[in-house]
Structure formats: structure tokens, C-alpha cells
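Presented below is the structure to which this report refers.
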Amino acid sequence: MPPALHPHARGGGPPTFAVVSCIRSIATSGIAQNALATTSLYRTLLPSIAATVTESERQLWSVKLYLCADDDDDLYKKHADAVISAGPSWLTIRLLFYPRVPNRVPTREAAQQALLEGAEFIHRTNDDILYMTPGWITSSTQALARFHPPNVGIAGPKVYGDGSTNKMHGGVTIDVVHRTHLRIFREYYPPQLDNWFTDSWIVYVYVALPSVAAHQMKRVMKLTRRDNFSVSHSFEKRRYAPTASQAKLLAALVECGRYAIWSYINHTLDGTKYGRPVSCRAYSKMPSEEEREKDSGSKIGVCKRRVGPVGGLEMNERDFIKSSSSVEGWCQLIRG
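Following full-length UniProt numbering, the numbering of the sequence shown begins with 1 at its first residue and continues without gaps.
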């Protein structure tokens with residue numbers, strides 16, 4: 001069964017639809033950004049959310065925007081109060097600061113905060129995303145409800161502009177999940193992925209699950225303008241350097257995640273109780289159980305060596321052999 005609503009979400013009020021976007025001021029020619037009005041948040045994200053969340057959605061949902069920023073971002077720290085009050089009256093804005101880690105985007109932490117505060121659905125987006133079609137909250141939540149079992153999967157918009165031709169994940173570069181995703185996984189994305197490969201992981205992990213049941217094989221719903229969910233990515237300047245070295249971890253982390261989702265679905269369908277959320281880890285050399293527990297402070301769940309190519313990431317057996325020679329396998333860690 002999907003996890004129960006957090007107490008904050010009870011009491012007769014509408015359920016929460018949380019939008020999570022990490023923000024960062026940018027420098028041009030070495031000159032720091034010094035005005036909120038020039039940021040993508042003010043010019044793109046906030047106005048388009050205000051224009052495309054319909055009146056009926058405002059009645060049905062408590063819409064909250066969780067903004068995650070580095071704790072050394074002077075612009076957003078200086079104007080934090082202004083940011084929090086910048087949206088329309090129906091939009092609650094939370095500005096969260098996290099210790100800066102080079103090239104690491106704190107999406108996981110902000111999504112976890114949204115979950116703790118009772119979010120029923122979580123939408124991970126960027127501050128330079130322009131929402132083009134009204135009613136996208138309804139479209140995405142209804143798409144997730146159509147899965148069997150419901151809410152196990154992701155929904156994403158048709159993306160125009162930057163990222164629209166990214167064949168690695170079919171143009172699905174921002175996503176919507178039900179809180180069930182964080183019933184299966186301990187983190188929104190695996191901790192070993194800092195930035196570039198997170199959206200690849202969440203798409204591939206819900207595709208081609210190890211089951212013979214057709215309805216369990218693909219759980220990615222890509223919506224379009226006709227479905228009332230399309231966006232434009234008005235890319236301006238990259239705020240981080242892609243961590244290319246993490247590419248080798250991706251296939252193993254996808255295998256680990258697929259196994260967790262498959263297990264959750266089987267438990268859901270047969271009525272048995274699913275265990276605690278898991279945290280996926282990839283290993284270059286499979287460590288002993290003692291080493292894994294010392295490293296993570298967690299109990300060890302399922303551990304497996306790589307079993308076969310992950311389509312789209314490894315195109316053939318040769319790719320798989322090359323990949324598994326550098327990353328032997330994966331483990332699911334469970335908080336003790």
C-alpha cells in the first residue's frame with residue numbers, strides 16, 4: 001500500500017503537491033548577479049507556475065515550492081524574505097539552504113524535506129523551466145494514477161528547447177512522482193549521483209522491470225502539449241560541471257533500483273508488507289558485509305553482481321562486460 005499521509009497532510013486540508021527546484025545565482029564576466037529580477041526564478045519559473053496552475057487545482061491542492069540553494073549564495077541569502085513572499089497567495093514558498101558541495105545539486109535533501117512535511121506528490125524541476133500548458137498538475141497526477149498498481153512510476157512533460165533531443169531519456173528531464181517513490185527508495189536519487197545522471201537514473205529505473213507482466217514493464221508516462229503538460233527549457237548557463245566519472249555507476253544503480261521497484265510491486269499485488277525504503281549503492285569491487293556496514297552505518301539488504309546489459313546505457317554484451325569490469329555490482333542498504 002502507498003505510505004500513509006504525514007500528519008501535516010491530515011486534518012481535512014487538501015493534499016500537498018510539492019515543486020522542488022534548486023536555484024543558484026550566476027556570474028557574468030566575473031560579476032555576481034545582484035538583483036532578483038534578473039534571475040531565472042523571477043523571470044521564468046515563478047511567473048509560469050502562477051499562470052498555469054488552474055483555479056480548480058488551487059482548490060484541490062496545497063501547492064508548495066521548495067527552493068534549494070547553496071549556503072554561500074549571497075544573493076538568495078540576502079533576499080531570502082523577498083523570495084519567500086514572491087509568489088501568489090496560494091503558493092507557499094520554502095527557501096532551504098544547504099552546505100555547498102562542489103557540483104552537487106541538493107535536490108535529494110529538498111525532496112526529503114517536502115516528504116517530511118506531508119507532500120503527496122513531488123515534482124522536480126529547474127528554475128529556468130517555462131510551463132506552457134495550464135492544468136499540468138492534474139495531468140501528471142492522473143497519469144500516475146493510471147499505473148497498476150497506481151502511483152508506481154514517473155510522469156514528465158514534453159520538453160522543448162535544451163534537453164528536448166536528449167535521447168538518453170527520451171526528453172524526460174524533469175519528473176513527477178508520488179510519495180510511493182520514497183516508500184521504495186530512501187532518497188529521491190541515489191547518493192552516488194551528484195547532478196548530470198540523476199534524471200537518467202529515475203527514467204531507466206522505471207523501464208523494463210524484471211517481470212513477465214506487461215503492465216509492470218514500463219512505468220514512465222511522457223506527456224505532451226495535448227496532455228496539458230509541456231514545458232520549455234530556456235537554458236542560460238550551466239551552474240555546475242557534470243560529474244562524468246559517475247557515468248560508470250549508472251547501470252548498476254539502475255539494476256538496484258529496478259529490483260527494489262519489482263519487489264515493491266510484487267508485495268503490493270500479493271498483499272504482503274513491503275520492508276523499509278532502500279538506498280542503492282554501486283561497488284567497483286563487492287565488499288564484505290562488515291565493510292559495507294562500516295561504510296554506510298546501515299543494515300545490508302539485497303546484494304547482487306551485475307546480471308546483464310541495461311538497454312540504452314549498454315547496447316550489447318560487449319558494453320556490459322566493459323561496464324561490469326569497472327563496477328561489479330550493487331547493494332541495497334536499509335537504515336538500521
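The beta carbon of each residue, even a glycine, is placed where N, CA and C say it ideally should be. If you're wondering where the values come from, they're calculated on a predicted model, not measured in any experiment.
For MET132, DSSP assigns no beta-bridge partner whatsoever. Taking the Cα positions, PRO157 is about 42 Å away from SER288. With contacts defined by Cβ atoms closer than 8 Å, ALA86 and TYR76 do not form a contacting pair.
Under the three-state reduction of DSSP output, GLY257 falls in the helix class. Boundaries of the beta strand (DSSP E) around TRP330: 329-335. Residue nearest to ASN195 within the set PRO242, LEU41, LEU182 and LEU144 is PRO242 (criterion: CA-CA distance).
Runs of alpha helix (DSSP H) with 4 or more residues, each lying fully within the segment 85-130, are found at 107-116, listed in chain order.
Check the Cα spacing between SER325 and each of HIS123, TYR66 and LYS248: the tightest is with LYS248. Burial is judged here by how many other beta carbons sit within 10 angstroms of a residue's own beta carbon; SER62 has at least 16 and is buried.
Counting along the chain, ILE154 sits inside the beta strand (DSSP E) bounded by residues 154-156.
For THR16, the closest of ASP73, ASP71, LEU91 and ARG43 by C-alpha to C-alpha distance is LEU91. DSSP lists GLY329 as the beta-bridge partner residues of TYR283. Excluding its 5 nearest sequence neighbours in each direction, GLU109 has C-beta neighbours in its own chain below 8 Å: CYS68, LEU96 and TYR98, listed in chain order.
VAL302 sits in a strand when the DSSP states are folded into three classes. Looking only at TYR264, CYS256 and TYR204, the smallest Cα-Cα distance to LYS273 is reached by TYR264.
Contact between the segment 50-59 and the segment 142-152 is absent, with fewer than three C-beta pairs closer than 8 Å.
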